[in-house]
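Asks:
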Amino acid sequence: MDRLIKLEPSNQVAVRVEPGQRCYGELTLRNVMYTMPVAFRLLPLNRARFSVRPQTGIIAPLATLKLEITYLPPASPAPLLPDCAPDSDDSFFLDSVVSPGVSFKDGSGAVSLDAVPADWFTAKKKQVFTDSGLRVFFVGSAVLSRLVEGGDMERVREVLEISDPNWRAADSADADGETLLHLAIARGRADLVQLILEFGADVEAKSRAGRSPLEAAAAGGEALIAELLLARGASTERSSGSSWGPLHHAAAGGHTELLRLLLLKGAAVDSPAVDGRTALHLAAEGRRKECAAVLVEAGARTDTRGGKARETPLHAAASVGDEATARLLVNNGCAGLREARNAAGKTAYDVAAEEGKRRLFDLLRIGESLAAAARNGDARAAATAIEMGAALDGRDGWGWTALMRAAFKGNVEVIRVLLEKGATLDAGDYEGHTALHCAVEAGQSEAVEVLVKRGADLEAKTVNGRTAMEIAASLGYAGIVRILVQGGAMEVPAMKLAAALIAPVPTLPEKEKVGKGRIGGGRDNERDWRKKGSPMGAGAGGGMRAGFKKRPAAASLTATVVASY
8 MDRLIKLEPS NQVAVRVEPG QRCYGELTLR NVMYTMPVAF RLLPLNRARF
58 SVRPQTGIIA PLATLKLEIT YLPPASPAPL LPDCAPDSDD SFFLDSVVSP
108 GVSFKDGSGA VSLDAVPADW FTAKKKQVFT DSGLRVFFVG SAVLSRLVEG
158 GDMERVREVL EISDPNWRAA DSADADGETL LHLAIARGRA DLVQLILEFG
208 ADVEAKSRAG RSPLEAAAAG GEALIAELLL ARGASTERSS GSSWGPLHHA
258 AAGGHTELLR LLLLKGAAVD SPAVDGRTAL HLAAEGRRKE CAAVLVEAGA
308 RTDTRGGKAR ETPLHAAASV GDEATARLLV NNGCAGLREA RNAAGKTAYD
358 VAAEEGKRRL FDLLRIGESL AAAARNGDAR AAATAIEMGA ALDGRDGWGW
408 TALMRAAFKG NVEVIRVLLE KGATLDAGDY EGHTALHCAV EAGQSEAVEV
458 LVKRGADLEA KTVNGRTAME IAASLGYAGI VRILVQGGAM EVPAMKLAAA
508 LIAPVPTLPE KEKVGKGRIG GGRDNERDWR KKGSPMGAGA GGGMRAGFKK
558 RPAAASLTAT VVASY
């Protein structure tokens, strides 16, 4: 015989370690003798780390006795667990001897607990059996958290398997309140997530911050992990303690495929965050055009107001200057989206203007379709754009209205449509140039004539004090001078006219000049010009627009102008 006592269920004792709680495990000793009682003594080698209760006792034949092995954690700030955890490098010695003559009257199966004389376990008096095979195996949240953080999948499995099912070890959390699922998700370990789920982890368990595992997966863009959680029934909606739901996190992070997965699994496309913003708001704020497109395709509302400022997604796109997302929203939005106002009474255009996002001005104020129609001379498209809600007097980044564009390009039919629809005839840009100034400078005589007949202010001056007549005279446009005079414009005084005639006018490259004294009708010409400043404000021509050669001799030009009278 090599032993008197058997360790049950094995020689490995699971000691559960939880912060702030007594850390202990249980062990059962069975007397394997059929007729003789057995005395035992169980002592840890390191008595500063472990204690045993009871340490000694006598067990009746074939009876059992349950013991507690308590782990004594070191004082803070030392680590709660030894570095070797979940294994323990500590040793225990179980001594046992036969104890004939002991009676068990109470039927308990054990007597003299913690009172067996020490000299019983000396070889001089009795044959002592010693077993040193007992080992402690640490389990509990502190152990599991460490193993998950380290990515040790096999040891995680081992600890979960040895843990009592009543402990719900799979739902353990670390000292910061992050569950095992949250820890595995943060490390992108889908295999660990799958393992933890197999042991029954709660897919709706919240972190201390109130975030669900699916919300954590969405925030990290972990589509595979999200799919595992959804397969276990995870909710796609915002949890009660969280500011954002899974859809919000996916949209804000630009995780397009995850966004599609959540929508496929039934996530509400317009579900609000705590502050009322939807996933579409967050996609717009984050310049996530692809995510915004997925949401719009799924039916997201473009006019929902959210956040402290009660803004629409278009306001959000305007504030960051995201032209692509803004265009997507305008093209797919409800009627009047561009006119929607936030809590401060501002439209998306107003927000873009405040932030200096000039590239959005055409889209948000004039409307891209109306701007293009004015530029390209498409009167029918212009009428349609106006009917669809384009702002007649909306301005672009240089303060130009659609009427100014049409006048500069000489698109007479568009001018007529705009004026018939109520466009402001004498609206000026940021430097005071009206549609008439634009038409005069570009040499568009037909446009000038239409504007004059409609009652354009012939004496309107730019911030540099130039009238349409002065511009026409300085550029040598005899026909336009005649139209202006016939319309009632004041004649330019001789001295002023002479000064205007000899003012140098910078020359554009040859490729930008089309015909005699006119700028070509191409869009690129207008764009190149406007890079230099607002209309008629660039170059050294005394506030005149660049594009015409300096007149070397004032006399001949004066004769031309006088003859035109």
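As numbered in this note's numbering, residues 8 to 572 make up the sequence shown, in order. Every residue, glycine too, gets a C-beta built ideally from N, C-alpha and C. Bear in mind the structure is a predicted one, so any value in this text is a computation, not a measurement.
I need the DSSP call for serine 563, collapsed to helix, strand or coil.
Replies: Because serine 563 carries a pLDDT of 34, less than 50, the predicted location of this residue cannot be relied on, and the following value inherits that uncertainty. In the structure shown, serine 563 sits in a helix (DSSP, three-state: H, G or I).
Asks: Can you pull the DSSP bridge partners for leucine 38?
Replies: First, the residue type needs correcting, since residue 38 is asparagine and not leucine in the sequence shown. According to DSSP, asparagine 38 bridges with Ile12.
Asks: Could you tell me which residues DSSP pairs with threonine 186 in its beta bridges?
Replies: Ala180
Asks: Rounded to the nearest angstrom, what separates alanine 290 and alanine 233 at their Cα positions?
Replies: Whole-angstrom Cα-Cα distance: 19 Å.
Asks: Where do the ends of the beta strand (DSSP E) carrying leucine 370 lie?
Replies: DSSP places leucine 370 in no beta strand (DSSP E); its state is neither H nor E.
Asks: Could you say which of Ala397, Val419 and Leu399 lies nearest to alanine 386 if we only look at CA atoms?
Replies: Comparing Cα positions, the closest option is Val419.
Asks: Give me the residue from Gly217, Pro172 and Glu244 with the minimum Cα distance to glutamate 205.
Replies: Pro172
Asks: Cutting at 6 Å between CB atoms, please list the residues of its own chain near aspartate 464, excluding the five before and the five after it.
Replies: Asp433
Asks: Assuming glycine 64 is part of the beta strand (DSSP E), what are its boundary residues?
Replies: 63-66
Asks: Rounded to a whole number of angstroms, what is the C-alpha to C-alpha distance between glycine 406 and arginine 366?
Replies: Whole-angstrom Cα-Cα distance: 12 Å.
Asks: Is alanine 85 helix, strand or coil by DSSP?
Replies: When DSSP states are grouped into helix, strand and coil, alanine 85 belongs to the coil group.
Asks: In the DSSP assignment, find the beta strand (DSSP E) that holds arginine 402 and state where it starts and stops.
Replies: Taken as a continuous stretch (DSSP letters only), arginine 402 belongs to no beta strand (DSSP E), as it is neither H nor E.
Asks: Are the CB atoms of alanine 182 and valine 24 within a distance shorter than 8 Å?
Replies: no
Asks: May I have the straight-line CA-CA distance separating glycine 240 from proline 16, to the nearest angstrom?
Replies: 36 Å
Asks: On a Cα-Cα basis, can you pick out the residue from Glu244, His444, Ala454 and Glu165 that is closest to alanine 480?
Replies: His444
Asks: In terms of residues, what are the limits of the beta strand (DSSP E) holding valine 488?
Replies: Note, valine 488: premise wrong, no beta strand (DSSP E); alpha helix (DSSP H) at 485-493.
Asks: With a CB to CB cut of under 6 Å and the five nearest residues on each side skipped, what residues in its chain are close to glutamate 297?
Replies: Thr263
Asks: Under DSSP, the beta strand (DSSP E) around glutamine 201 begins and ends at which residues?
Replies: Taken as a continuous stretch (DSSP letters only), glutamine 201 belongs to no beta strand (DSSP E), being part of the alpha helix (DSSP H) at 197-205.
Asks: Would you mind sorting proline 26 into buried or exposed? The rule is 16 or more other CB atoms within 10 Å of its CB.
Replies: exposed
Asks: Cα separation between proline 89 and valine 155?
Replies: 17 Å
Asks: How far does the alpha helix (DSSP H) with phenylalanine 415 in it reach, from first residue to last?
Replies: 409-416
Asks: Please list the terminal residues of the continuous alpha helix (DSSP H) segment that includes leucine 79.
Replies: No alpha helix (DSSP H) holds leucine 79; DSSP gives it neither H nor E.
Asks: Buried or exposed for valine 281, please, with buried defined as at least 16 other CB atoms from any protein chain shown within 10 angstroms of its CB.
Replies: exposed
Asks: Tell me which residue opens and which closes the beta strand (DSSP E) that proline 51 is part of.
Replies: 45-51
Asks: Looking only at its own chain, which residues have a Cβ that is under 7 Å from the Cβ of alanine 381, when we skip the five neighbours before and after it?
Replies: Ala389, Ala409, Arg412, Ala413, Asn418 and Val421
Asks: Looking at the secondary structure, which residues open and close the alpha helix (DSSP H) in which arginine 267 lies?
Replies: Element bounds for arginine 267: 263-271.
Asks: Determine, using beta carbons only, whether leucine 371 and alanine 379 come nearer to each other than 8 Å.
Replies: Taking 8 Å as the Cβ cut-off, leucine 371 and alanine 379 do not qualify as a contacting pair.
Asks: Give the straight-line distance between the Cα atoms of threonine 580 and alanine 446, rounded to the nearest whole angstrom.
Replies: No information on residue 580 is available, as it lies outside the stretch 8 to 572 that the chain covers here.
Asks: Which of helix, strand or coil does DSSP assign to valine 24?
Replies: If DSSP states are grouped into helix, strand and coil, valine 24 belongs with coil.
Asks: Could you tell me which residues DSSP pairs with glutamine 134 in its beta bridges?
Replies: DSSP lists no partner for glutamine 134.
Asks: Just the C-alpha distance for glycine 273 and histidine 255, rounded to the nearest angstrom, thanks.
Replies: 14 Å
Asks: Output the distance between the C-alpha atoms of valine 166 and tryptophan 174, rounded to the nearest integer angstrom.
Replies: 12 Å
Asks: Is it a yes or a no for the region 37-46 touching the region 76-85, going by three-plus beta-carbon pairs under 8 Å?
Replies: In short, these stretches do not touch, since the Cβ pair count stays below three.
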